[in-house]
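Step one of this worksheet: look at the structure below.
Here it is as C-alpha cells:
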C-alpha cells in the first residue's frame, strides 16, 4: 500500500514539466499577469485582509471546535438517549432503487475523501506539510471530482421529495423526536426535515463548493467578459472565504449525517446498502410517507422487491 | 549641483549593495539559527557555485549599445550569464534580449547540421556534401550567367572582421551585389 | 551595536520602461519554466498620454508577510535580513499564500495533462532556499543563491535603467530620495511599500 | 552617433525623432533618463505613436508619418524668427545656411500644423524648450530614415543642430541609434553594394588601393568581374534585390539574379515580403548560413536547391564589434562552436577554396607595411587578430588605424577603468577613450568620443568637419572660418584635407625627402602613416577642417525639401509637395516615385501604417523567437489599433483582422486595442515570420526548428517606396485598408 501511495505521489509530483509555449499559442495575458495585478494592490484591504484575518485568527480554531464539539454532542446523545432500534421482522419496503443508491455512494465516497483531506490541509502544519499533505490535497481534488459527477443527478432525483412541506415545521418543533427515547410517529414524508436540510446544504452548498474550488484550482481564468466588477485575485479571495465558511457548515452537517446513519438509527446504513427500510421504521419516522403508500396500495409492490430479513 | 551628488549617490548605492549582499551571506550560510547580529562575511564564506569556472568578457549581440556580458564557462559549458557591473556603457544593465544571450546557445532550436531541401523535404547532409554541391552549383551559375547572378546578403551579426571579409568575398567572387541590414 | 539589514526591492516608476529585462533575467538565471513569473513587468494606462507608467513587481519580502501567516503547512520562513523564503518540500501548493499576498507574487507551475498545481514558486531575492547552499537541489528548486555569493539579485543587477533597486532599506530609500530630489518632486512612498512594510 | 551614449548625460535638452530607445536600446535609454535626473534635461519625443519613450518624455509630439522635414523647418522658422540660432557658429562652420533660412521662412507654424498635424502651440513650446536649453542632442533612428525622403530627413536633422550650434559639443550632436550589435562595424566595412570597406567608394582608384592592400593584381581582380564597368557599378541592395530575380522593373545587369547567399540576414526585415517570397521561389540556388532556421529558407515554396548551413552565434566566434557610438569592443569567444556549426569566416574560407581564390582571399592578413607599401611579411595568419590588423592598416577614411587587436583587447580587459559619462580612461588607461571611438588616427591616438568638437585638442579627440568636397564651390569658401580653430592647432581656422602635395604648405613644416618618397598620395591612402603623424604633431586632423554643408549640390534636393510619402493620406498635399520623378538605374533597377504617388491611394486605403519594434524582439526576430522566455512575452503577431478606429469596422479587442496593402498583399493579424496610436493609423511590429498572407508555413521548417513564436511579417504589407539616394524602403509611412477577418 505504501508503495502504491508513493507511486501515486510521484505521478502527482513529477507528472510532467510545464509545457513550453506552442507556436502561436498565446498564454493567457489576463488576470494575474495583466495590469489588473497592480490595480488590485490597493484593494487588498477588502478581501485580502479579511482572508488574512480569518485564516490567522479563526479558521483553525473554528474547525477544531466543529471537529470536537459536534461529535461530542452526538456522543452525549448516544449515551443518554441512545439509538433508535426498529424491528426488521415485518415487511421491508424498497425505498431507494439501485441507481439512486449508486449515485448516493459515489457522492458519499467523494465526501469521505473530501472531509478528512480538507481537515488535513487545514491542519497541514500539524502533519508537517510535505508529500503527505500534498497527497491529501490531490485526494481532495479527486473527491471533488467524484462528487461533481453526481451532484446534479442527485439534486434532480430527490428534488421533488425534498421540497419543503408544512409538516416539516412540526418536525422541527419536536426535533425529529430524537431527544426522547420512546418511539412516536414523526411527521415526515420520504425525507424528514433534517434530511431535507442536509440535502439542500449538501447539494447547493456543494455546488458552490465545487465552483469556488474550481476557481481556486485553475486560478488564472479569464473572466473579463463577465464584467463582475471584481479583480480576479479578489474573486479568488472571495472564493476561498466562501469555500471555508460553507465547509464549516457542511462538515457539521456531514458529521450529523454520519451519526444519524451509523449510530442514531440502527440499520439505516443497511437500508442505504440494500435500499430497503423496515415497516416499523417507516411507520414511526416517515409516518406520512407510510400512510401514503398504504393508502395508495403501493406497499405490496414495494415490499415485493425487498425480501424480508431473516430474524436472528 | 544636486544632480551630480545624486549620481554619486547612485554609484555609492550600487557599491553598497554589493557590500550589503556580502553582509547577508553570513545569514545565508547559517540559516535560521543565526545570531540576530549581521556581520560581514569572510572570504571563506563567500562561496562559488562553479569553482574554477572561467569568466569570459564579451559583448551583447542584440543591439548597438554594446553592453558588456560576463559569461561564466565551466568545463566548456556556458553555465551562467553574469553581470558586467563595471562595463563603462551598460554598468551591468541589460534588456530582456541581452540577458537572454545565454539562450542563443542553450536553446534547442539551433541548426545542428547542414540541411538540404530535396523535393520539399529537409534532409541532413554532411558539410562536405553541402560545400561540394553548393560550390558546384555556384560555379556553374557563374560560368553560365556571370558573377552578377549571385547576390550576397551579409549581416550585422558578423563581427567587423567577418563583415570586412564578407565584402572581400563578394569582391573576389566578382560582384557588387552585396548588402546587409544597414541598408534598411 | 548590532547592525540590522532589511532587504527591500524598489521599482522606480519614473525609470521603468517595460523592457522585461528583470523578468527574463530571473527566468534565465533560475531556469524557470515558461509561464512562471517570479517577477512581472506591468504597464498601466498604456498609450494614454501623460499617464502611462510601468512597474516591475515581484515578492516584496514584506515584514509580517501575509503568506507567512496564512500558510497552512507553515512552510515559510523569514531570514534575519528580511528575505521571505519557503520550503518547497513542505509546500503543498494550496494557493493560500496567493490569496493573502497583495502583490500576486506566488506562482504555481502547472502540469500539462491535468492542470494540477505544483508547489508554489516565488522570488527568493536570489537567496536560494532551505536546501544546502549551492547544492543541486537548491539550484533546481529555488534557483541561484547569489546572496551567498555576495552578489546582487539578478533582476536588479541587470535592470536596464536601474529602475529596480534592491538592498538594505536605508540604501534604497536614500537612492529613492536622491532621485526624487533631483527631479524636484517630493519623495513619495515607493510602490507597494505601505503594504509590504508597516 | 556623433557623440556617445554616456555623453547624453551632459545634454540639457534631448529631442528624439522617430526612435524608440526605451524599446530598442533600453540600456542607451538609461543615459537619457539619467540626463533627465542629472541636468533636469527636457526630453522631447516626436513620434507618430505614443511609445514607451514618449511615456517618459516631458513633451510629446504626435506627428503624421513622413512629415519630419516640415516639422523641423517649423522649428527653424521660429529659431530664425526669434534669433535663437548660433550666428557665430553658422558663420564659421556651416556652408549656405541662408538657403535653409529662406526655405524655413515659408514654414509658418500654421502651415506646419496643416502638414504635420502638430498644433502650433505644441510646435512653439517644443522649439522654445529645445532652443533655450543648450546643449541639446538630437536622436533619431529608423523612424526618420525609412522614408522615400529618408536621406533628406537625415540631412535636415543635423541642419537643425547646426543652426543651434549643437554639433561638435559635449551633450550635443546627432545621435543615431543603430539597430544591431555590429551594424556600425558592418557598415564601416561596407558590406554594402555601393562602396568598398571604409566608405572608399567603387572608383578605380579605390579598387587599386584595395587590390594593392589585398596583395592581388588589379587586373586579376578586374577579371573576376563580368566587365570592368560592373566593377564600378553599384550592386543590388537588400531592399530591392528581389527585382533582380523577378524583373518586374527594368534591371541593369546582364543577368538576372540566380543565386542568393544569405549569411545571418533576417530576410523578412525588408518591405514587400510577398515579393521577396516570389523571388525566393524563382531562384536557382538559395544558401542560408545561420544559427537558426532563417525564414528565407522557410517562406519560400522552393522545393530543391535550398541549403541551410549551421553557423555559430556571435558567442562562438571572436572579433571586434563596433557599437553605435563608434567604439570598438573585443568580443571574446565564450564557447567552442556547438554541434556541427562553423563560424562565418570558416564558411567563407571553405568556399573561397572551392571557388579558387583562397590564397588571394587571405593574403591580406599576412601583409604588413614596409616603406609605405603593403607587402607580404609572413606565411601564416591568425584569425581574427590578423584581420583586425589588416583593417587597421587599410582603413584610413574613418581613422581605424589605431584599432589594433592588442589595444582593443586591453580595453576589454580593463573596461572597469573607464568613466561612464566621458568614456575617459583612468589609471593605466589614462589618455584613451573606451573602445577608441573612430576616428582613432594612429596607434597612439586616444579615439574621438565626440565628433567635430573643435573645443578639445585633436590628440584628445578634437576635429573640425571633414573637408571632403574641395576648398570652394561656386566661388564660396568651403573651409571653416577663422574662428573655427581646433584647440591647440598650429593651423588657424579651416584648412583642406592633407595630401602629399599640400602637407608642407598647410602645416608649415618641412618633411625629409626620404619620408616624402614613401608617403601616400593623400591621407586616405597613406599607408606609411606619416601624414597622420605630422598632422597630429601640428594638432590638426588629417581630413581637414571645413564647413558642414547645409547645401549639397550632389543630391537631388540641394537643401532638404519636404516631399509627401508615395502613399500619402493627404493627396492634396502631394500636389504641392510632389515626390521625385521616377529614377532609372538606381542600384541596377528602376525605382518608381511619382508614378506611384500620382494616384490617390487614400481613397481605398484610408489608414496610415507605421511599423516598429517590440522590446523582446530585434530585427526579423529570429534569435528571440527561438528563445522560450522571450517568445512567451509576446508570442503572437498583432496590430496596434485605436478602439475608435476598430469600432468603425466592427472590430473588438483580440479579433483577427485582415490588413491589405496597395500592392495587393495582405496579412491576417490580431487586433490589439491601445491608445498609443491615434485613430487614423495602425502600428505593426515586423519581427514575425513563418505565416505568409494567412498561410501557415510551419511545415516548411526543418524538423524541430519551428521557433516558439511565428506570425505574419508586418513587412508584407509595408508599401512600395524607396529613398532616392540610399534605396531604404519606406516602411514608416504607408497606407493600408483593414477589415474584420
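Protein chains in written order, with the numbering used here: chain A, 45 to 356; chain B, 155 to 338; chain C, 12 to 209; chain D, 4 to 744.
A virtual CB, placed ideally from N, CA and C, is assigned to each residue, including glycine.
All values reported here derive from a predicted model rather than from experimental measurement.
{"Item": "Buried or exposed by the 16-neighbour rule on C-beta atoms within 10 Å, applied to residue 351 (chain A)", "Value": "exposed"}
{"Item": "For residue 275 (chain B): DSSP bridge partner residues", "Value": "B:272"}
{"Item": "Counterpart residues of residue 333 (chain D) in DSSP-defined beta bridges", "Value": "D:323"}
{"Item": "Span separating the alpha-carbon of residue 170 (chain D) from that of residue 225 (chain D)", "Value": "41 angstroms"}
{"Item": "Exposure label - residue 101 (chain D); buried when at least 16 CB within 10 Å", "Value": "exposed"}
{"Item": "Span of the alpha helix (DSSP H) around residue 182 (chain C)", "Value": "180-194"}
{"Item": "Neighbour flag for residue 79 (chain A) against chain C, beta carbons, 9 angstroms", "Value": "yes"}
{"Item": "Helix, strand or coil at residue 44 (chain C) [DSSP, three-state]", "Value": "coil"}
{"Item": "Sequence-distant residues of its chain with Cβ nearer than 8 angstroms to residue 287 (chain D) (five each side left out)", "Value": "261, 262, 308"}
{"Item": "Closer than 9 angstroms to chain D by CB, residue 30 (chain C)", "Value": "yes"}
{"Item": "For residue 81 (chain C), the first and last residue of its enclosing alpha helix (DSSP H)", "Value": "77-81"}
{"Item": "Limits of the unbroken alpha helix (DSSP H) element including residue 401 (chain D)", "Value": "Careful: residue 401 (chain D) lies outside any alpha helix (DSSP H) and carries neither H nor E."}
{"Item": "Outcome for residue 52 (chain D) when other beta-carbon atoms lying within 10 angstroms are tallied against a minimum of 16", "Value": "buried"}
{"Item": "Coil, strand or helix - residue 148 (chain D) by DSSP", "Value": "helix"}
{"Item": "Short CB-CB distance (under 9 angstroms) between residue 502 (chain D) and chain C", "Value": "no"}
{"Item": "Closest Cα partner of residue 684 (chain D) within the set D:257, D:232, D:614, D:670", "Value": "D:614"}
{"Item": "Per DSSP, the bridge partner or partners of residue 232 (chain B)", "Value": "B:227"}
{"Item": "Buried or exposed by the 16-neighbour rule on C-beta atoms within 10 Å, applied to residue 185 (chain D)", "Value": "buried"}
{"Item": "Residue 72 (chain C) versus C:194, C:195, C:179, C:190, residue with shortest Cα-Cα distance", "Value": "C:179"}
{"Item": "Per-residue DSSP class, three states only, for residue 372 (chain D)", "Value": "strand"}
{"Item": "Residue 102 (chain C) and residue 77 (chain C) closer than 9 angstroms at C-beta", "Value": "no"}
{"Item": "Min CB distance residue 245 (chain B) to chain C below 9 angstroms", "Value": "yes"}
{"Item": "Chain A contact for residue 98 (chain C) (CB, 9 angstroms cutoff)", "Value": "yes"}
{"Item": "Residue 362 (chain D): first and last residue of the uninterrupted alpha helix (DSSP H) it sits in", "Value": "361-366"}
{"Item": "Contacts around residue 227 (chain B), its chain only, beta-carbon distance under 8 angstroms, and the 5 residues preceding and following it disregarded", "Value": "207, 208, 209, 210, 233"}
{"Item": "Nearest-angstrom beta carbon gap, residue 242 (chain D) and residue 731 (chain D) [assumed within contact, 8 angstroms]", "Value": "6 angstroms"}
{"Item": "Alpha carbon of residue 330 (chain A) to alpha carbon of residue 84 (chain C), nearest angstrom", "Value": "46 angstroms"}
{"Item": "Neighbour flag for residue 206 (chain B) against chain D, beta carbons, 9 angstroms", "Value": "no"}
{"Item": "Cut-off 7 angstroms between Cβ atoms - residues of its own chain near residue 532 (chain D), not counting five sequence neighbours on either side", "Value": "404, 445"}
{"Item": "Local conformation of residue 54 (chain C) per DSSP, three classes", "Value": "strand"}
{"Item": "Any chain E beta carbon closer than 9 angstroms to residue 165 (chain C)", "Value": "The structure shown contains no chain E; its protein chains are A, B, C and D."}
{"Item": "Within 8 angstroms of chain D by C-beta, residues of the region 225-256 of chain B in sequence order", "Value": "225, 227, 230, 231, 232, 238, 240, 241, 242, 243, 244, 245, 247, 248, 249, 250, 251, 252, 254, 255"}
{"Item": "Where residue 485 (chain D) falls, given that 16 or more other Cβ within 10 Å makes a residue buried", "Value": "exposed"}
{"Item": "7 angstroms Cβ shell around residue 536 (chain D) - same chain, five flanking residues per side excluded", "Value": "445"}
{"Item": "Delimiting residues of the alpha helix (DSSP H) encompassing residue 648 (chain D)", "Value": "646-651"}
{"Item": "Cα-Cα separation between residue 110 (chain C) and residue 118 (chain C), rounded to whole angstroms", "Value": "11 angstroms"}
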